[in-house]
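To start, the structure under review is shown below, and the notes come after it.
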Amino acid sequence: MVKGDAMRYALTAEAMRAAEDAAVANGATTITELMERAGAALASEIGQRWPTGTIVVVCGPGNNGGDGWVAARLLEEAGRQVEVLAIREPDELRAEAARAAASAIAAGVRWHGVSSVPAVVETTLAKAVVVVDAVFGFGFRGPARDTCARVLKAIDACEAPVLSADVPSGVDSDTGAVTAPAVHADLTVTFNALKPGLLVFPGEGHAGEVVVADLGIDATLLQRPDAVMVPESADLAGLLPRPLPEDHKGSRGRVAIVAGSAEYPGAAVLAARGALRMGAGYVFLVVPDAIADIARSALPSAIVRAVPSGPDGCLGSADAVLAAVADADAVVAGPGLGRTPAVGATVRALVAGLSAPLLLDADALNALSGDRAMLDGRPGPTLLTPHPGEMARLLGVDIDEVHADRLGASHRAATHGVTCLLKGPRTVVADADRRALVTTGGPELARAGTGDVLSGICGTLLAQGLGPFDAGLLGAFVHGMAGEHAATRLTSTCVTSSDIPEHLPDAIRSLLGGNE
61 MVKGDAMRYA LTAEAMRAAE DAAVANGATT ITELMERAGA ALASEIGQRW
111 PTGTIVVVCG PGNNGGDGWV AARLLEEAGR QVEVLAIREP DELRAEAARA
161 AASAIAAGVR WHGVSSVPAV VETTLAKAVV VVDAVFGFGF RGPARDTCAR
211 VLKAIDACEA PVLSADVPSG VDSDTGAVTA PAVHADLTVT FNALKPGLLV
261 FPGEGHAGEV VVADLGIDAT LLQRPDAVMV PESADLAGLL PRPLPEDHKG
311 SRGRVAIVAG SAEYPGAAVL AARGALRMGA GYVFLVVPDA IADIARSALP
361 SAIVRAVPSG PDGCLGSADA VLAAVADADA VVAGPGLGRT PAVGATVRAL
411 VAGLSAPLLL DADALNALSG DRAMLDGRPG PTLLTPHPGE MARLLGVDID
461 EVHADRLGAS HRAATHGVTC LLKGPRTVVA DADRRALVTT GGPELARAGT
511 GDVLSGICGT LLAQGLGPFD AGLLGAFVHG MAGEHAATRL TSTCVTSSDI
561 PEHLPDAIRS LLGGNE
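Right, here's the structure in full:
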């Protein structure tokens with residue numbers, strides 16, 4: 061869970077370093093002052109949460125360790141029992157970290173060099189009411205080695221709660237990638253701004269509760285062009301196309317959904333339900349005639365446009381599909397289509413010939429595997445909604461590469477005119493210039509079919525005039541909120557994909573602060 065009040069940004073290590081450098085260069089602060097404020101933030105959280113008992117601060121070799129030394133000094137001066145485990149001897153530290161260590165020792169802080177007396181790590185940690193992990197900060201690239209690795213293993217094995225300074229040591233602050241050994245924190249006090257790695261799994265699973273400590277850097281320096289947006293309801297509510305008194309069904313968006321096959325008729329139904337519940341004026345469900353009766357029975361509010369099926373029960377005519385979507389304000393293609401040559405031909409015809417906004421999901425993305433360049437220069441705006449496997453196939457990489465850097469993979473798939481929404485724990489939305497993380501939703505969305513609902517939701521927003529980035533961001537956000545509401549009522553275990561559209565009204569009401 062992340063605490064915060066307004067629009068937030070997560071900064072990469074490069075962006076955070078640039079913001080600090082700019083603040084120092086313009087005379088607003090110094091590295092020493094930033095270190096003092098960071099240490100004070102750590103000491104304050106400890107004082108509030110663990111008012112008694114021994115505090116063990118594990119200090120690394122760099123400025124993150126310097127933050128730990130400052131916290132140790134302030135706690136000592138406040139009358140607390142403090143011991144420091146120093147990975148690097150104080151006289152081997154440099155610059156501000158060296159001065160912070162010297163000041164702490166002068167104030168009476170007890171410390172132990174972990175290299176000279178290895179056994180002291182476990183015995184000291186055993187005394188702690190809380191352990192402060194100040195080993196590595198932002199910019200860490202693993203794995204930790206030698207003494208650092210041994211100390212991180214000991215921190216992770218100890219029974220005391222752990223407070224990590226800035227980023228849990230062993231977690232990549234940019235990607236959330238974790239290289240063992242790594243600390244599992246109960247609380248992370250991160251400085252100045254969120255870091256992407258605290259919000260993306262597996263890093264999020266190591267961060268615990270996250271608190272952002274303001275160290276006094278001007279907000280304009282933190283709202284950098286390369287920052288990752290982390291929006292909340294108040295930031296997105298204004299994007300929602302609200303019904304107007306003079307509206308009619310034609311003005312609320314015509315979305316065509318090209319979906320389904322004999323094997324996967326439910327995918328088409330789920331996508332259409334998402335679009336209908338999101339408020340589309342018209343939903344044209346374009347399906348193979350083999351499943352048209354199923355669709356009509358399940359969806360009395362949708363207009364079912366049956367097109368010829370192939371012998372396999374999949375779409376059989378690209379020309380028929382193009383004719384069926386010609387009057388749509390936006391087109392969704394992919395859920396449950398199957399992987400046949402005729403499906404591939406249909407998807408390519410839509411990409412090449414359609415000028416309306418186009419959302420490509422599931423099997424439509426599989427049809428473009430290895431041919432991502434076909435999307436460049438498409439005559440209309442495009443939103444891609446892959447899961448990691450589809451993203452890997454689209455980019456021609458191993459799926460582990462996608463998991464290792466979800467933000468980076470999303471940005472690679474996006475270009476001018478093409479937005480990528482990468483599904484999974486913490487959805488990423490990226491275009492050529494912006495990146496955002498969606499923090500709504502949880503394990504209740506790990507169900508087959510929830511992505512089909514999402515494609516329908518986003519398709520409606522495209523049809524109602526939102527650009528691909530805003531449609532993807534708002535759509536994923538309310539989709540996640542609907543999942544949360546469903547889980548509250550049904551439990552995370554019992555939610556099904558069919559429950560998500562039914563809880564969209566709760567999500568919209570929450571988005572608007574109850575004013576709907």
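Take the sequence shown: its position 272, counted from the start at 1, is 332 in the numbering used here, and no numbers get skipped.
Built from N, CA and C at the ideal position, the CB exists for glycine as well.
- One alpha carbon belongs to residue 329, the other to residue 361, and they sit about 11 Å apart.
- A distance of 8 Å or more separates the beta carbons of residue 418 and residue 445.
- In this structure, residue 515 places its C-beta atom within 8 Å of the C-beta atom of residue 392.
- Rounded to the nearest angstrom, the gap between the Cα atoms of residue 543 and residue 439 is 34 Å.
- Taking residue 403 as reference, the option from 124, 383, 369 with the minimal CA-CA separation is 369.
- Across the set 281, 552, 304, 530, the C-alpha of 281 shows the shortest separation from the C-alpha of residue 85.
- In the three-state reduction of the DSSP assignment, residue 287 falls in the coil class, being assigned neither a helical nor a strand state.
- Looking at the DSSP output, residue 317 bridges to 345, 392.
- Counting the other Cβ atoms within 10 Å of the Cβ of residue 554 gives fewer than 16, which makes it exposed.
- For residue 335 against residue 359, the beta-carbon gap comes to about 10 Å, at or over 8 Å, which does not count as contact.
- A Cβ-Cβ contact shorter than 8 Å links residue 406 with residue 378.
- By the C-beta density criterion, residue 274 is exposed, having fewer than 16 other C-beta atoms within 10 angstroms.
- Between residue 138 and residue 107, the C-beta spacing is below 8 Å.
- Distance from the CA atom of residue 100 to the CA atom of residue 413, rounded to whole angstroms, is 60 Å.
- When 225, 415, 541, 239 are compared, the shortest CA-CA separation from residue 464 is found for 239.
- Between residue 326 and the set 353, 434, 307, the nearest pair of CA atoms involves 353.
- Listed in chain order, the non-local C-beta contacts of residue 130 below 6 Å within the same chain comprise 95, 96, 99, 160, local neighbours out to five positions each way being set aside.
- In the structure shown, the three-state DSSP call for residue 171 is strand.
- Under DSSP, residue 251 shares a beta bridge with 273.
- In the three-state scheme derived from DSSP, where H, G and I count as helix and E and B as strand, residue 415 is classed as coil.
- Residue 147 is a Cβ neighbour of residue 121, given a cutoff of 8 Å.
- DSSP, read as helix, strand or coil, puts residue 549 in helix.
- In this structure, the CA atom of residue 317 is about 40 Å from the CA atom of residue 269.
- Between residue 509 and residue 557, the CB-CB gap stays under 8 Å.
- A contact between stretches requires three or more CB pairs, one per stretch, nearer than 8 Å, and the region 489-496 fails this requirement with the region 297-316.
- For residue 443, DSSP records a beta bridge to 419, 479.
- Put simply, of 390, 431, 416 the residue whose alpha carbon is nearest the alpha carbon of residue 408 is 431.
- Segment contact: the region 174-187 against the region 209-229, three or more CB-CB distances shorter than 8 Å; contact assigned.
- With a beta-carbon spacing of about 12 Å, residue 291 and residue 529 fall beyond the 8 Å limit used to define contacts.
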